[in-house]
């Protein structure tokens, strides 16, 4: 139904469980989805290391979207009410 579904993967407990379920559901085939990590700039280095090791271990595709890069490119603006929009 969707053109390019992804699995959001922060490296936190919830996304680890989701990835584990996907690995189990598609085994022995590879997971057909790209993992998407939204980099807020507030990640612990250990979590990023775990993310990278997990991606490599399972031969997964990873796309990292940087919030700061979106801000710098003018794709994310702060609205008068203090929220941000694309």
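In this note's numbering, the protein residues as written are 1 to 86. For every residue, glycine included, the Cβ atom is placed at its ideal position computed from N, Cα and C.
- Straight-line spacing of the CA atoms in residue 32 and residue 3 works out to 12 Å.
- Of all alpha-carbon atoms in 26, 11, 36, the one lying nearest the alpha-carbon of residue 45 is that of 11.
- Residue 35: not part of any alpha helix (DSSP H); member of the beta strand (DSSP E) spanning 34 to 39, first to last residue.
- Residue 19 holds the alpha-carbon nearest to the alpha-carbon of residue 30 among 8, 19, 67, 39.
- Taking each of 36, 27, 21, 17 in turn and checking the Cα distance to residue 6, the smallest one comes out for 36.
- The straight-line gap separating the alpha-carbon atoms of residue 38 and residue 70 is approximately 11 Å.
- Under the DSSP definition of a beta bridge, residue 29 lacks any partner.
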